[in-house]
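*Asks:* Once you've had a glance at the structure underneath, I'll fire off some questions.
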Amino acid sequence: MADNKVVLLDVLPSLFGMRVRIALAEKGIEYEYKEEDLKNKSSLLLEMNPIHKKIPVLIHNRKPVCESLIIVEYIDEVWNERALLLPSDPYQKAQARFWADYVDKKVYAFGRKILDSNVEEEKEEGKKGFIECLKVLEGELGDKPYFGGETFGFVDIAVVTLYCWSYETLGNFSLEVECPKLFSWGKRCIEKNESVSKTLPHQHKIYDFVLGLNKKPKART
Ligand code: GS8
């Protein structure tokens, strides 16, 4: 139904941007990709996201939608003729939102400590919290193939982009050892969903990117 112009303001290694790219691929939506330089933000980004000034921003029919999870929900609702990413049952939908929010508030926050900290105790604290949160997520996944059940959906999109970031290398732990079910789930997402395999960069690319970031003055969050 919605065949208006779609533009994505993004940065390739962004795990938030990847969520949006996966959702767009899931729905088969054509769009114009615009890579931002976060050290020299475009006037378009500042105009489209004047509050946070962050990527990703989806511009649909010249109107911006900001915040990755909100964008994924928007895509799901507007392009609703393709399989839905969120459950339609209100309770299941609330649960899906809860877990996606958990990823941003808890898992990502601990992950940042692993990536950013040069202080060993802080890194260790990040790693401990990160692994604990992943175990909680693994409990929620249980024996289901995907978080929502039989099909790839909203929570999978929220979690899977963590998979290519170099938390294991930088935190010096093995996801396969700590959370074997979550590890298999990540492999499944990549192997069975082209939207994921085509979007997620290789871990080593992200690793090089993070090393580069840590050498330079901070320019992103
Ligand atoms: C986070 C986006 C974000 O942090 C979302 O979209 O879900 N909650 C938001 N974007 C970063 C790049 S990815 O690390 C960003 O745009 N940073 C620029 C800045 O802070 O100036």
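Position in the sequence shown (from 1) plus 4 gives the number in the numbering used here.
Backbone N, C-alpha and C define an ideal beta-carbon position, used for all residues, glycine too.
1. Express the C-alpha separation of LYS57 and LEU50 in angstroms, rounding to a whole number.
2. Is there at least one non-hydrogen atom of the ligand GS8 closer than 7 Å to the beta-carbon of VAL69?
3. Is DSSP giving ILE63 helix, strand or coil here?
4. Go to ASP14, then tell me how far its beta strand (DSSP E) extends in each direction, as first and last residue.
5. Return the chain-ordered list of same chain residues with a C-beta closer than 6 Å to the C-beta of GLY133, the five sequence neighbours on each side being excluded.
6. Spell out the partners DSSP gives GLU36 in its beta bridges.
7. With H, G and I counted as helix, E and B as strand and the rest as coil, what does DSSP make of CYS193?
8. Give me the Cα-Cα distance between MET5 and PRO91, rounded to the nearest whole angstrom.
9. Hey, SER201 and GLU30: beta-carbon distance below 8 Å or not?
10. Could you have a look at PRO68 and say whether DSSP puts it in helix, strand or coil?
11. Using a Cβ-based criterion (distance less than 7 Å to any ligand heavy atom), does ASP160 qualify as near the ligand GS8?
12. Where does GLY153 sit, in a helix, a strand or coil, going by DSSP?
13. Thinking just about the alpha-carbon of each residue, which of LEU13, ILE118, SER121 is nearest to the one in SER72?
14. How would you label PHE102, buried or exposed, when you count the other beta carbons within 10 angstroms and need 16 or more for buried?
15. Specify whether the segment 118–130 and the segment 69–83 touch according to this definition: at least 3 beta carbon pairs, one from each stretch, less than 8 Å apart.
16. Rounded to whole angstroms, what's the CA-CA distance from LEU48 to PHE20? Just pull it up for me.
*Replies:* The short version:
1. In the sequence shown, residue 50 corresponds to position 46, counting from 1. In the sequence shown, residue 57 corresponds to position 53, counting from 1. So the alpha carbons of these two residues sit roughly 6 Å apart.
2. Looking up residue 69 in the sequence shown gives position 65. No, the ligand GS8 has no heavy atom inside 7 Å of this Cβ.
3. Sequence index remark: in the sequence shown, residue 63 carries index 59 (1-based). It is a strand residue.
4. What you label residue 14 is simply residue 10 of the sequence shown in a count that begins at 1. Start and end: 10–14.
5. For this step, residue 133 is matched to residue 129 along the sequence shown. Contacts found: PHE114.
6. If you number the sequence shown from 1, residue 36 lands on position 32. In the DSSP output, where bridge partners are listed per residue, GLU36 has VAL11.
7. One-based indexing of the sequence shown puts residue 193 at position 189. Three-state result, CYS193: helix.
8. The residue given as residue 5 occupies position 1 in the sequence shown. The residue given as residue 91 occupies position 87 in the sequence shown. Note that MET5 has pLDDT 47, beneath the 50 cutoff, so the model's placement of it is unreliable and the number below is only indicative. Separation of MET5 and PRO91 (C-alpha to C-alpha, rounded to the nearest whole angstrom) is 20 Å.
9. Here residue 201 corresponds to residue number 197 of the sequence shown, with the count starting at 1. Here residue 30 corresponds to residue number 26 of the sequence shown, with the count starting at 1. Contact: no.
10. Start at 1 with the first residue of the sequence shown, and residue 68 comes out as number 64. In the structure shown, PRO68 sits in a strand (DSSP, three-state: E or B).
11. To locate residue 160, count along the sequence shown from 1; it is residue 156. No.
12. Here residue 153 is taken as the residue at index 149 of the sequence shown, counted from 1. Correct three-state label for GLY153: strand.
13. Along the sequence shown, read from residue 1 onward, the residue named residue 72 stands at position 68. Checking every option, the nearest Cα to that of SER72 belongs to LEU13.
14. Along the sequence shown, read from residue 1 onward, the residue named residue 102 stands at position 98. Result: exposed.
15. Taking one beta carbon from each stretch, the segment 118–130 and the segment 69–83 have fewer than 3 pairs nearer than 8 Å; the two do not touch.
16. Along the sequence shown, read from residue 1 onward, the residue named residue 48 stands at position 44. Along the sequence shown, read from residue 1 onward, the residue named residue 20 stands at position 16. So the two alpha carbons sit approximately 19 Å from each other.
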